[in-house]
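Here's the structure we're looking at; comments come further down.
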Amino acid sequence: MTRPALRPRFRSILTLTLLALPPTRLALAAIALGLAACAPGADSPAARAAATPPAPVKWTTRAVPEARGDVRTLPDGKREAVRYRGWTTEDFGRYRTYAYDDSRAEPAVTTMAAMPKIAGDPRIGRRLFLDRSRGPCTGCHLIRGEDVWPAGNVGPDLSSIGERGLPDAHLFEMIHDPRRLFPHTTMPPWGAQGVFSPVEVAHLVSFLQSQKGPLPVEKSAERDPATRTRPTGFGDNLDPTNNPAVGRAEAAEALWGRRGTAGKSCADCHAGGPLQAMRGVATRYPRHVVQYGRVLSIEDLLAVHGSERAGLPLPAESPDNLGLAMLVKMASNGVPVQLDLDSPEQRAALARGRAAFGKRVGQRNHACADCHTQGKGADKFLGGRLLADVEAGLTRHFPTWRTSQGDVWDMRKRMQWCMTPLGMNMLAADAVEYAELELYLASFDQGKPISVPGIRH
Ligand code: HEC
Ligand code: HEC
Ligand code: HEC
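Each residue of the sequence shown is one higher than the one before, starting from 1142 at the first, in the working numbering.
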């Protein structure tokens, strides 16, 4: 049973099967296991994830309370997640996360669940299809109707799916759990993960069957993600009148000279002002720092270094941490990213980061790769948002001003944000799992110039 290349879904089915088997059947099961290991896709990123050893480090978070991924128990016994203001407080503890000590397998693929014997109602189905609190399905699929806005095109246009004469049972399975038909699909197993009940899936099926007849005349090219104009840039990101984050970074210069409880300031030990003292430093991060036995980003480093050296607490996700992180990174503006990608520590961390990028997590069973790689979501619309391609390098403009939030976000908050609405409990902002994921993302920025703070929607 030492084959590392098993696909997780086989593993989960098999684990369950093996647990239920009398010992005499185990030998047979072991043969089946051998066959499964030869199946195509055995070298998938998810399988490599399962084979990659966990990072050895124990880390106590230095993040602000709302960024630690804590879950608390209320007086009435209900569990509630502690997150940033305005974020959902729902506890997604039932679903797996990126935590290296979370050994839960991907939920097993369900085979044909029987379609309930009801006459589905297309009107209810349409409502469910558009329901933002659940899918929305329109995040990835276009359907008919001028009120359908903004639809995405990560999945196929379903405006005429009723024309194809597909059996209801096929559509039911596709929505309930598409993974038997499309093992590497980007579409969540909606029914299997309990987002929609079987009756609701039946309504969705009857709605999809109603998408037929001549297509109505399109009144706006914007409605259809295939013809929608693609967003262009946000102007000069280093122009303070265009990017409010620049002002925040400049305000952090006061912190550079502030003495902490240790009686020292950054300026006392790093001579020449931040721009000179920190020139080029950020291009080498995230990196494995021997002293801490783990990979750290600039933000992670400041969270420990500030209090240790200056007695100046700079908890991850605090405004001071963000401000100084921007300042340190701005000192490398225009300098190409030059990560160490060769040392054994960095290579091991990179492999774990790559595995995490492909690991399916949370209620929606999504991987970062689903939305940010070519051939999947990258360069397509998810709802109204054009998805970035990891290979373009997504880290060198972080921390970034987010026009939609009116705030500066670092890479970690972005990672937490991408997965939380998809039903995964976030980890602490300074978790080693995120640091190694960030290292993997940053490896695509290698050789490209840093430009901080960025500006994005
Ligand atoms: C994150 C993107 C995403 C979301 C959200 C999504 N789908 Fe899909 N869907 C896909 C992709 C991608 C495919 C194509 C299958 C593949 O290649 O993996 C697909 C395929 C389908 C198909 C089969 C289409 C065909 O041509 O055979 C149906 C039906 C479908 N989706 C229905 C739904 C419904 C209903 C919802 C909402 C409950 C939904 N989808 C939400 C991505 C998505
Ligand atoms: C008491 C002296 C001292 C103080 C105060 C201090 N540092 Fe440092 N800093 C160091 C030393 C020494 C190093 C070299 C690595 C180490 O030993 O930690 C370092 C390393 C760094 C690095 C990593 C450099 C690299 O090339 O990897 C950064 C970034 C940094 N400091 C930023 C700051 C900031 C920002 C402050 C103020 C909050 C600060 N330091 C305060 C002494 C100090
Ligand atoms: C269901 C889709 C989805 C998944 C899964 C997802 N993201 Fe995102 N992500 C988005 C959307 C939407 C945006 C905003 C549009 C854009 O910039 O791509 C975004 C933006 C980003 C950005 C900012 C890009 C930029 O240039 O500013 C980064 C970095 C990122 N995601 C990383 C991740 C990581 C790491 C994961 C896995 C932990 C992940 N995402 C999972 C949808 C997703």
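We put the CB at the ideal spot given by N, CA and C, even for glycine.
On a predicted model such as this, the values are computed, not experimentally measured, just so you know.
Closest Cα partner of residue i within the set the options
i, options, result
"Ser1584", "Arg1305, Leu1396, Asp1481, Phe1337", "Asp1481"
"Arg1203", "His1446, Ser1361, Ala1529", "His1446"
"Val1336", "Glu1363, Glu1458, Cys1278", "Cys1278"
"Thr1229", "Arg1275, Leu1528, Thr1561", "Thr1561"
"Ile1596", "Glu1363, Glu1207, Val1387, Pro1248", "Val1387"
"Gln1557", "Trp1200, Glu1207, Thr1201", "Glu1207"
"Gln1334", "Phe1323, Ile1316, Leu1322", "Ile1316"
"Thr1201", "Gly1434, Lys1554, Asp1586", "Gly1434"
Whole-angstrom distance between residue j and residue i, CA atom to CA atom
i, j, result
"Asn1384", "Asp1377", "8 angstroms"
"Ala1572", "Pro1308", "47 angstroms"
"Arg1400", "Ala1418", "17 angstroms"
"Arg1209", "Gly1588", "32 angstroms"
"Asp1272", "Ala1393", "42 angstroms"
"Leu1169", "Ile1591", "Any reading at Leu1169 is ruled out, since the residue's pLDDT is 34, under 50, leaving its predicted position unreliable."
"Pro1297", "Glu1304", "14 angstroms"
"Leu1568", "Ile1265", "36 angstroms"
"Gln1350", "Trp1550", "43 angstroms"
"Pro1651", "Pro1355", "Outside the displayed span of the chain (1142 to 1598) sits residue 1651, for which this structure offers no information."
"Cys1281", "Leu1345", "15 angstroms"
"Arg1543", "Leu1535", "14 angstroms"
"Pro1339", "Gly1227", "31 angstroms"
"Leu1283", "Ala1533", "27 angstroms"
"Val1476", "Gly1421", "7 angstroms"
"Val1198", "Arg1495", "18 angstroms"
"Leu1528", "Leu1396", "36 angstroms"
"Ala1444", "Glu1458", "9 angstroms"
"Lys1517", "Asp1530", "10 angstroms"
"Ile1172", "Ser1473", "Legend: pLDDT at Ile1172 = 32, less than 50; position of this residue unreliable, value from coordinates given subsequently. Near 56 angstroms, if we compare the C-alpha coordinates of Ser1473 and Ile1172."
"Trp1331", "Phe1313", "10 angstroms"
"Pro1540", "Ser1301", "43 angstroms"
"Leu1379", "Ala1570", "26 angstroms"
"Met1565", "Arg1224", "12 angstroms"
"Val1250", "Thr1326", "12 angstroms"
"Ser1406", "Gln1432", "21 angstroms"
"Asp1441", "Leu1465", "12 angstroms"
"Arg1321", "His1598", "36 angstroms"
"Ala1180", "Cys1559", "Residue confidence is low: Ala1180 scores 35 on pLDDT, short of 50, so the model does not pin down where it sits. No coordinate-derived value is stated."
"Leu1463", "Asp1548", "11 angstroms"
"Val1436", "Gln1504", "28 angstroms"
"Asp1211", "Asp1242", "16 angstroms"
"Ala1260", "Gly1306", "17 angstroms"
"Lys1684", "Val1205", "The requested residue 1684 does not occur in the structure, where the chain is confined to residues 1142 to 1598."
"Ala1255", "Asp1232", "30 angstroms"
"Thr1402", "Leu1453", "7 angstroms"
"Asp1586", "His1311", "42 angstroms"
"Pro1357", "Gln1487", "55 angstroms"
"Pro1381", "Met1552", "21 angstroms"
"Gly1525", "Thr1252", "33 angstroms"
"Tyr1236", "Asp1520", "28 angstroms"
Cβ-Cβ distance between residue i and residue j below 8 angstroms
i, j, result
"Gly1234", "Arg1213", "no"
"Pro1216", "Asn1294", "no"
"Tyr1239", "Val1502", "yes"
"Ala1510", "Gly1499", "yes"
"Ala1423", "Ile1439", "yes"
"Ala1343", "Met1471", "no"
"Leu1299", "Pro1427", "no"
"Val1289", "Arg1371", "no"
"Val1593", "His1513", "no"
"Arg1245", "Gln1352", "no"
"Ala1497", "Glu1574", "yes"
Residue i: CB within 7 angstroms of a non-hydrogen atom of ligand 5
i, result
"Ile1439", "What this structure holds is ligand 1, ligand 2 and ligand 3, not ligand 5."
Integer Cβ distance of residue i from residue j, believed to fall under 8 angstroms
i, j, result
"Ser1361", "His1429", "About 51 angstroms; that fails the 8 angstroms criterion."
"Gly1398", "Ala1408", "5 angstroms"
"Ala1490", "Glu1577", "5 angstroms"
"Phe1348", "Pro1263", "4 angstroms"
"Pro1291", "Asn1506", "At roughly 24 angstroms, the Cβ-Cβ gap does not stay under 8 angstroms, so Pro1291 and Asn1506 are not in contact."
"Leu1468", "Pro1415", "5 angstroms"
"Phe1522", "Arg1275", "Going by Cβ atoms, the distance from Phe1522 to Arg1275 rounds to 19 angstroms, so no, they are not a contact pair."
"Leu1269", "Glu1359", "Not a contact, Cβ separation roughly 24 angstroms."
Any chain D beta carbon closer than 8 angstroms to residue i
i, result
"Asp1272", "Absence of chain D from the displayed structure is noted, only one protein chain being present."
(request) Could I get the ranges of all uninterrupted alpha helix (DSSP H) runs contained in the region 1240-1320, with 4 residues as the minimum, in chain order? (result) 1263-1271, 1309-1317
(request) Please specify which runs of the beta strand (DSSP E), each continuous and at least 3 residues long, are wholly inside the region 1515-1581, giving them in chain order. (result) 1541-1543, 1548-1550
(request) Identify every run of the alpha helix (DSSP H) within the region 1385-1465, keeping only runs that are complete inside it and at least 4 residues long; order them along the chain. (result) As far as the region 1385-1465 is concerned, its whole alpha helix (DSSP H) runs of at least 4 residues are 1385-1392, 1394-1397, 1407-1410, 1414-1418, 1439-1446.
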